[in-house]
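Chemist: The structure follows.
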Amino acid sequence: MVLVMPKQDPVEVIVEGAAFSETAKRLMSRATPDAVVYFDDVKCLCPGDDAPRKVNSMVFKLE
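According to my numbering, the sequence shown is numbered sequentially starting from 1.
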């Protein structure tokens, strides 16, 4: 996960598993309007899958 806040350097946090880590939660609590959050290398496990599959990256602009 990468958080890019206006006029600041990007901050990256590695998130493993199905839930945000405490570090990721703290980072998201600092997010302001017009910040952009990137999620890359996202994987999911669908019913019937033997192994996780990679899904597209996601980008969110906060309002």
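Yeah, the Cβ is synthetic: ideal placement off N, Cα and C, and Gly gets one too.
Computed from a predicted model, the values in this text were never measured in an experiment.
Secondary structure at Glu22, three-state DSSP: helix, strand or coil?
Modeler: It is helical.
Chemist: Would you mind giving the Cβ-Cβ distance between Met1 and Ala24, rounded to the nearest angstrom? I have them listed as a contact below 8 Å.
Modeler: The Cβ separation is near 6 Å, so the contact holds.
Chemist: Using C-beta distances below 8 Å, list every residue in its chain close to Asp41, excluding the 5 sequence neighbours before and after it, in chain order.
Modeler: Within the same chain, Asp41 has close Cβ partners Lys54, Ser57.
Chemist: Just to check my reading of the structure: Leu3 and Val59 have Cβ atoms closer than 8 Å, yes? What is that Cβ distance to the nearest angstrom?
Modeler: Rounded, the Cβ-Cβ distance is 11 Å, inconsistent with contact.
Chemist: How should Leu45 be labelled, buried or exposed, when 16 other C-beta atoms within 10 angstroms of its C-beta is the threshold for buried?
Modeler: Flag for Leu45 reads exposed.
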